[in-house]
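Each residue of the sequence shown is one higher than the one before, counting from 1 in the working numbering. C-beta atoms are modelled at their ideal positions from N, C-alpha and C, and glycine is treated no differently. Written below as structure tokens is the structure these notes are about.
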Amino acid sequence: MIRACCIGWPVTHIRSPLIHGFWLAQYGIAGTYTREAVEPGDVARFLRGLEDQGLAGCNVTIPHKEAAFAAMDEVDPGAVAVGAVNTVWHEDGRLIGMNSDVVGFLKNLDDHVPGWEGEVAHALVLGAGGAARGIVHGLLSRGVPVVTLANRSPGKAEAIAAAHPSTIRTQVWQDLPAALGGVDLLVNTTSLGMTGQPPLDLPLQTLKPSAIVSDIVYVPLETDLIARAAARGHRTVEGLGMLLHQAVPGFARWFGVTPQVTSALYEHLAADVRGH
Ligand code: ATR
Numbered sequence: 001m002i003r004a005c006c007i008g009w010p011v012t013h014i015r016s017p018l019i020h021g022f023w024l025a026q027y028g029i030a031g032t033y034t035r036e037a038v039e040p041g042d043v044a045r046f047l048r049g050l051e052d053q054g055l056a057g058c059n060v061t062i063p064h065k066e067a068a069f070a071a072m073d074e075v076d077p078g079a080v081a082v083g084a085v086n087t088v089w090h091e092d093g094r095l096i097g098m099n100s101d102v103v104g105f106l107k108n109l110d111d112h113v114p115g116w117e118g119e120v121a122h123a124l125v126l127g128a129g130g131a132a133r134g135i136v137h138g139l140l141s142r143g144v145p146v147v148t149l150a151n152r153s154p155g156k157a158e159a160i161a162a163a164h165p166s167t168i169r170t171q172v173w174q175d176l177p178a179a180l181g182g183v184d185l186l187v188n189t190t191s192l193g194m195t196g197q198p199p200l201d202l203p204l205q206t207l208k209p210s211a212i213v214s215d216i217v218y219v220p221l222e223t224d225l226i227a228r229a230a231a232r233g234h235r236t237v238e239g240l241g242m243l244l245h246q247a248v249p250g251f252a253r254w255f256g257v258t259p260q261v262t263s264a265l266y267e268h269l270a271a272d273v274r275g276h
């Protein structure tokens with residue numbers, strides 16, 4: 001019996017057991033994937049004890065991703081870029097961590113718009129939190145030549161841009177509507193549009209018809225931004241696919257099978273999101 005889990009605090013909102021449980025059943029693997037509430041301050045101790053507890057590894061979610069990063073012996077470049085890990089395993093007594101949100105974002109984009117890199121000369125990323133840092137890293141890793149960051153608090157965007165002065169620009173949040181004209185890919189990483197939050201109040205009239213519009217928010221499945229972009233004929237990429245794809249590296253590592261993100265899995269999770 002192979003065991004893995006997701007740690008967080010609290011853990012009631014965590015959906016990843018639905019994803020891993022679906023794959024364990026689909027591939028007939030004798031394994032479990034549970035939610036484990038780990039108190040802040042106890043993260044390093046829990047992770048150091050993974051092997052002794054009989055756990056192959058774990059996912060890490062809010063608020064533990066930064067503490068987990070600090071506890072790792074080795075991390076992938078995506079984790080370095082974000083300063084956070086969400087996927088952990090052990091190898092010869094060493095803790096290895098990665099940030100699979102970066103891969104999850106890119107694979108979701110690949111799924112919906114194959115070959116997107118070839119047509120994105122300028123990406124505009126809204127937000128400057130951890131998700132934005134990972135997505136900027138992912139876009140640059142795929143060769144996007146120019147990324148513009150816009151954030152309500154400009155200092156956070158400027159701090160990210162400072163690390164890549166030749167490729168990352170910043171944009172004043174209030175002037176966004178005027179800046180949309182040259183954009184090939186628009187990505188919302190803010191919490192605007194999420195159930196319980198205000199919508200992203202950004203007119204899309206100046207966006208080129210060829211522009212791709214992506215949102216990492218997946219509750220609701222179709223945000224107001226995605227609905228307005230789709231109504232204008234843009235290619236759109238919803239956030240739930242990113243959640244599904246970010247689960248792939250951990251499952252492959254712990255359970256030994258690289259799982260597929262299928263429409264049946266999407267529907268399984270979508271039903272849960274619709275029910276809340
Ligand atoms: P994550 O790690 O998921 O990116 P985060 O670090 O909390 O989460 O970042 C949330 C993002 O949503 C931030 O860019 C935040 O902007 P600020 O840095 O100015 O706080 C953005 N955000 C949240 N509420 C917003 C609002 N009402 N208007 C504009 N941006 C908002």
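Separation of residue j from residue i, as counted between CA atoms
i, j, result
"leucine 204", "leucine 55", "47 Å"
"glutamine 53", "phenylalanine 69", "20 Å"
"proline 199", "aspartate 215", "12 Å"
"aspartate 76", "isoleucine 96", "8 Å"
"threonine 189", "leucine 225", "12 Å"
"cysteine 5", "threonine 258", "17 Å"
Check: residue i C-beta below 8 Å from any heavy atom of ligand 1
i, result
"tryptophan 173", "yes"
"proline 77", "no"
"serine 304", "Since the first and last residues shown for the chain are 1 and 276, residue 304 lies out of range."
"serine 243", "For the record, residue 243 in the displayed sequence is leucine; it is not serine. Because no heavy atom of ligand 1 lies under 8 Å away, the Cβ of leucine 243 does not count as near it: no."
"lysine 208", "no"
"alanine 132", "yes"
"glycine 138", "no"
"proline 249", "no"
"glutamine 289", "With the chain covering 1 to 276 only, the question about residue 289 has no answer from this structure."
Continuous alpha helix (DSSP H) stretch holding residue i: start and end
i, result
"tyrosine 266", "263–274"
"glutamate 158", "154–162"
"aspartate 111", "100–112"
"serine 16", "16–26"
"arginine 169", "Per DSSP, arginine 169 belongs to no alpha helix (DSSP H); it is in the beta strand (DSSP E), 168–172."
"leucine 244", "240–246"
Residue i, enclosing beta strand (DSSP E) - first and last residue
i, result
"asparagine 151", "146–151"
"arginine 228", "Run containing arginine 228: none in the beta strand (DSSP E); it sits in the alpha helix (DSSP H), 224–231."
"arginine 235", "235–237"
"valine 60", "55–60"
"arginine 35", "31–37"
"alanine 123", "122–126"
Pick from the options that is closest to residue i, judged by C-alpha positions
i, options, result
"valine 144", "His13, Ala163, Val136", "Val136"
"aspartate 175", "Glu36, Leu149, Ile2, Ala162", "Leu149"
"phenylalanine 105", "Gly93, Leu95, Asp73, Arg142", "Arg142"
"isoleucine 62", "Val38, Glu36, Gly8", "Gly8"
"serine 16", "Met1, Glu36, Tyr27", "Glu36"
"asparagine 86", "Phe22, Ile14, His276", "Ile14"
"histidine 256", "Cys6, Trp116, Ile19, Ala30", "Correcting the residue type first, residue 256 is glycine in the shown sequence and not histidine. Of Cys6, Trp116, Ile19, Ala30, the residue nearest in Cα terms is Ala30."
"valine 80", "Leu225, Ala163, Val11, Leu207", "Ala163"
"alanine 128", "Ile160, Gly233, Asp101, Val102", "Ile160"
"alanine 252", "Val273, Gly115, His20", "His20"
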